[in-house]
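Visitor: Residue numbers (the working numbering), protein chains in the order written: chain S, 1 to 198; chain V, 1 to 198.
Questions regarding the structure given below will be posed in turn.
Protein chains: 2
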Amino acid sequence: MRILVVGASGTIGRAVVAALSAGNEIVAASRQGAGIRVDIADPARIQAMYRSTGKLDAVVCTAGQAKFAPLDKLTDADFRFCLDNKLMGQVNLVRFGMEHLADGGSFTLTTGVLARTPMPGSAAISLVNAGIEGFVRAAALEAPRRIRVNAVSPPWVTETLLALMMDPSQGLPAAVVAQSYVQSVMGAATGVTLEPSA
Amino acid sequence: MRILVVGASGTIGRAVVAALSAGNEIVAASRQGAGIRVDIADPARIQAMYRSTGKLDAVVCTAGQAKFAPLDKLTDADFRFCLDNKLMGQVNLVRFGMEHLADGGSFTLTTGVLARTPMPGSAAISLVNAGIEGFVRAAALEAPRRIRVNAVSPPWVTETLLALMMDPSQGLPAAVVAQSYVQSVMGAATGVTLEPSA
């Protein structure tokens with residue numbers, strides 16, 4: 001399979017690339033790292049990316065930013081950033097990517113545990129993540145040519161917790177999280193949010 | 001109680017006003033009907049509304065537009081309209097209204113059945129509704145002074161189905177749906193999405 005991984009240079013993205021590399025051709029894209037440069041908050045850049053990739057069998061997105069801050073500190077601009085980036089960035093990867101996907105291909109987006117288990121400071125992220133899950137459920141019903149649309153909802157990732165100098169014991173290693181992306185790409189599920197577990 | 005009902009002239013809004021009228025003071029607001037004129041897609045108009053209402057014990061929103069259309073027909077502008085209107089319009093009612101709410105007050109927003117049970121054409125609405133549910137779960141954790149934040153997820157409403165000349169037998173009367181708003185305003189729940197049932 002020819003698989004586009006957007007966010008390929010991130011913690012989860014690198015693990016997804018490693019997990020999918022055997023037997024597949026990976027087309028890497030990221031905002032700052034290796035591969036095609038793309039900022040998913042910019043619809044024109046997404047369309048330019050797809051023009052350069054050619055036909056794909058799967059699109060995986062592990063990119064997308066959203067702001068963690070107390071609700072009374074989140075500004076109009078913060079919400080706009082979150083909506084343009086992790087929310088509409090991923091929605092647009094599906095909208096603009098549909099025609100570039102082979103029959104029976106798949107999109108796998110990224111939501112996160114805060115969609116369903118919020119914490120103080122997560123209002124914008126919880127909104128965005130839950131929105132992605134709602135979009136995936138609906139978009140799967142309309143995708144043509146047996147194309148599937150799923151999301152993966154990563155918990156806290158061990159490597160991220162370590163980088164933040166937080167207790168890693170509640171995290172799941174990126175390599176384990178990556179298996180849910182593999183399951184979405186290789187399996188038959190559509191319209192679902194996969195939750196990685198140990 | 002002094003209760004602001006935004007969307008008071010709509011099908012559900014009128015039923016909510018009727019259900020809450022006894023023993024409470026209703027402050028009505030709507031885009032085109034009676035009461036304070038407000039377009040929730042315009043943050044400045046929301047802030048102007050709150051300056052005119054004075055202190056409130058509860059805010060109920062039954063307003064908010066989103067576009068029903070096939071995914072491949074939804075434009076960038078359609079998504080922007082949905083995000084500005086039913087999604088950020090309701091989020092901003094909470095953000096800007098917090099300081100106008102009395103201790104122990106409540107916000108009750110409106111999501112809808114398409115959040116969890118999508119249908120072809122509902123991609124943008126499902127995204128928005130699910131986003132509202134995620135926001136409510138998170139915002140409830142941060143609301144100060146025992147303020148509660150909930151949503152109601154109406155199913156198809158009998159009166160709406162009749163107006164659309166569709167089979168009303170699958171619908172729930174607006175007066176029944178309104179009882180979930182009463183439950184949110186008068187009860188103790190917070191961070192939840194109430195689902196009206198017969």
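Yeah, the Cβ is synthetic: ideal placement off N, Cα and C, and Gly gets one too.
Since we're looking at a predicted model, the values are computed, not measured.
Compare the C-alpha of V/M49 against each of V/V38, V/K55, V/D57, V/L56 and name the closest.
Guide: That would be V/V38, whose Cα lies nearest to the Cα of V/M49.
Visitor: Roughly how many angstroms lie between the CA atoms of S/P173 and S/E159, to the nearest whole one?
Guide: If I take the Cα positions, the gap works out to 7 angstroms.
Visitor: Establish whether the CB of V/R137 and some CB of chain S are separated by less than 8 angstroms.
Guide: Closer than 8 angstroms: yes.
Visitor: Where does V/S153 fall in DSSP's three states?
Guide: Looking at V/S153 - three-state DSSP - the assignment turns out to be coil, as it is neither helix nor strand.
Visitor: Mind listing the chain V neighbours of S/A130? Cutoff is C-beta to C-beta under 7 angstroms, in chain order.
Guide: Simply A130, G131, E133, G134.
Visitor: Please report the straight-line C-alpha distance between S/T191 and V/M119, rounded to a whole angstrom.
Guide: It is worth fixing the name first, because residue 191 of chain S is Gly in this sequence and not Thr. Rounded to whole angstroms, S/G191 to V/M119 spans 12 angstroms at the Cα level.
Visitor: In the segment 46 to 103 of chain V, which residue ranges form an unbroken beta strand (DSSP E) of at least 3 residues, counting only runs that do not cross its ends?
Guide: Whole beta strand (DSSP E) segments, 3+ residues: 56 to 61.
Visitor: At a cut of 8 angstroms, does the segment 23 to 38 of chain V reach the segment 175 to 184 of chain V through at least three beta carbon pairs?
Guide: With the cut-off at 8 angstroms, the segment 23 to 38 of chain V and the segment 175 to 184 of chain V do not touch.
Visitor: Could one say the Cβ of V/D76 lies closer than 8 angstroms to chain S's Cβ atoms, at least one of them?
Guide: Yes, contact with chain S.
Visitor: Determine the chain V residues that contact S/A115 at a beta-carbon separation under 8 angstroms, and present them in chain order.
Guide: Under the 8 angstroms cutoff, chain V gives G134.
Visitor: Measure the CB-CB distance between S/A198 and S/V176 and report whether it falls below 8 angstroms.
Guide: Result yes, Cβ atoms of S/A198 and S/V176 sit closer than 8 angstroms.
Visitor: Quick one: which chain S residues come within Cβ less than 8 angstroms of V/P168?
Guide: The premise fails here: V/P168 is roughly 24 angstroms from chain S at the closest Cβ pair, so nothing lies under 8 angstroms.
Visitor: For S/P154, which of S/D76, S/T110, S/Q170 has the nearest alpha-carbon?
Guide: Nearest option by C-alpha distance: S/T110.
Visitor: Thinking just about the alpha-carbon of each residue, which of S/R95, S/T117, S/A115, S/S169 is nearest to the one in S/P144?
Guide: If we check each option's Cα against that of S/P144, S/R95 comes out closest.
Visitor: So what's V/A19 in DSSP terms, helix, strand or just coil?
Guide: Three-state result, V/A19: helix.
Visitor: What is the DSSP secondary structure of S/V128, counted as helix, strand or coil?
Guide: Helix at S/V128.
Visitor: Quick check on V/L101 - is its C-beta less than 8 angstroms from some C-beta in chain S?
Guide: V/L101 does not count as touching chain S.
Visitor: Which value, in whole angstroms, describes the spacing of the CA atoms of S/V112 and S/K86?
Guide: The question names Val, but residue 112 of chain S in the sequence shown is Gly. Rounded to whole angstroms, S/G112 to S/K86 spans 11 angstroms at the Cα level.
Visitor: Flag this pair as yes or no: are the beta carbons of S/E133 and S/T193 separated by less than 8 angstroms?
Guide: Result yes, Cβ atoms of S/E133 and S/T193 sit closer than 8 angstroms.
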